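Here the sequence shown is numbered in this note's numbering, starting from 0 and rising by one per residue.
Every residue, glycine too, gets a C-beta built ideally from N, C-alpha and C.
Bear in mind that the values here come from a model prediction, so they are computed numbers and not experimental data.
The next block holds one structure in the form of structure tokens; read it before the comments.
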Amino acid sequence: MRAFFYTTLGSSFVVLFTRNSTIMIKRFVIYITLVAVVMACQSGSNKENQTSTDTTSHKEHKHSHKGKTNTNNSEENFDCRHCGMPSQEYPKWKAKIVTETGNIWYCSPRCMFISILNKEKGPKGVKSIEVISYYDTKPIDAQTAFYVTGSDVLGPMGHDLVPLKDKAAAEDFKNEHKGQTIVTFKDVNMKIIQELVNKQ
Ligand SMILES: [Zn+2]
0 MRAFFYTTLG SSFVVLFTRN STIMIKRFVI YITLVAVVMA CQSGSNKENQ TSTDTTSHKE
60 HKHSHKGKTN TNNSEENFDC RHCGMPSQEY PKWKAKIVTE TGNIWYCSPR CMFISILNKE
120 KGPKGVKSIE VISYYDTKPI DAQTAFYVTG SDVLGPMGHD LVPLKDKAAA EDFKNEHKGQ
180 TIVTFKDVNM KIIQELVNKQ
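So this is what it looks like as structure tokens:
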């Protein structure tokens with residue numbers, strides 16, 4: 000297409016200087032028109048190229064953005080590591096283990112304990128563990144918290160270890176909610192978990 004225009008241009012240029020002046024002016028007008036057409040074509044096709052480049056880079060941008068989002072998701076996965084439920088939907092029950100490689104979330108203390116008691120597959124490089132204190136619904140250190148088992152308060156998984164920030168709060172809760180025992184972090188074992196699981 001462009002080659003055709005250049006050929007036409009060339010030939011009209013030759014004709015331009017081989018005729019008398021009236022024809023020359025007419026030819027000159029045609030020549031200018033042709034130049035204008037060719038320039039328009041070129042700029043049009045450049046624009047087209049530009050547009051397609053923009054589309055491509057936009058797509059790439061979108062893609063890389065998506066990729067980035069995925070990366071963020073994999074860095075901070077809020078789904079319960081044990082059961083897969085979305086931990087953020089249980090703000091009064093969620094538990095978080097901070098490890099050297101990132102945070103691990105759980106829907107409940109129960110799921111967190113099942114995970115951490117699994118020495119083989121459980122989280123490695125644990126720096127700290129947070130659970131939510133029952134009465135004030137604030138994050139507390141799971142390893143200094145007290146837990147009440149067998150109460151009438153059910154977590155997202157059913158019967159759970161209800162975290163309390165100190166012994167006094169644990170005793171209050173046990174009395175108010177028909178709790179069975181008060182245990183510390185180190186007391187929790189798979190036998191206690193199994194009793195909670197069987198209770199439902
Ligand atoms: Zn869970």
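What's the call for residue i, buried or exposed, on a 16-neighbour Cβ count within 10 Å?
i: MET156; result: buried
i: THR70; result: Confidence at THR70 is low in this model, with a pLDDT of 43, below 50, so its placement is unreliable and the value that follows should be read with caution. The residue is exposed, with fewer than 16 neighbouring Cβ atoms inside 10 Å.
i: MET111; result: buried
i: LEU116; result: exposed
i: GLY178; result: buried
i: THR68; result: Low per-residue confidence applies at THR68: pLDDT is 38, beneath 50, and the placement is therefore not dependable enough to give any value.
i: MET84; result: buried
i: GLU119; result: exposed
i: SER127; result: exposed
Taking Cβ positions, are residue i and residue j nearer each other than 8 Å?
i: ARG80; j: GLY154; result: no
i: GLN87; j: LYS95; result: no
i: LEU160; j: ALA169; result: no
i: LYS123; j: THR148; result: no
i: HIS176; j: ASP151; result: yes
i: ILE113; j: ILE192; result: yes
i: GLY101; j: GLU129; result: no
Could you give the residue range of the alpha helix (DSSP H) that holds residue i?
i: PRO108; result: 108-115
Considering only DSSP beta bridges, list what residue i is partnered with.
i: VAL152; result: DSSP lists no partner for VAL152.
i: PHE145; result: LEU163, THR183
i: ASN102; result: VAL97
i: ASP78; result: PRO85
i: ILE157; result: In the sequence as presented, Ile is not what sits at residue 157; that position holds Gly. For GLY157, which the question treats as bridged, DSSP gives the partners GLY154.
Locate the beta strand (DSSP E) running through residue i, then write down its first and last residues.
i: LYS126; result: 125-131
i: TRP92; result: Element bounds for TRP92: n/a, residue is neither H nor E.
i: ASP140; result: 138-140
Give the list of continuous alpha helix (DSSP H) stretches no shorter than 4 residues that lie fully inside the stretch 160-199. 166-175, 189-198
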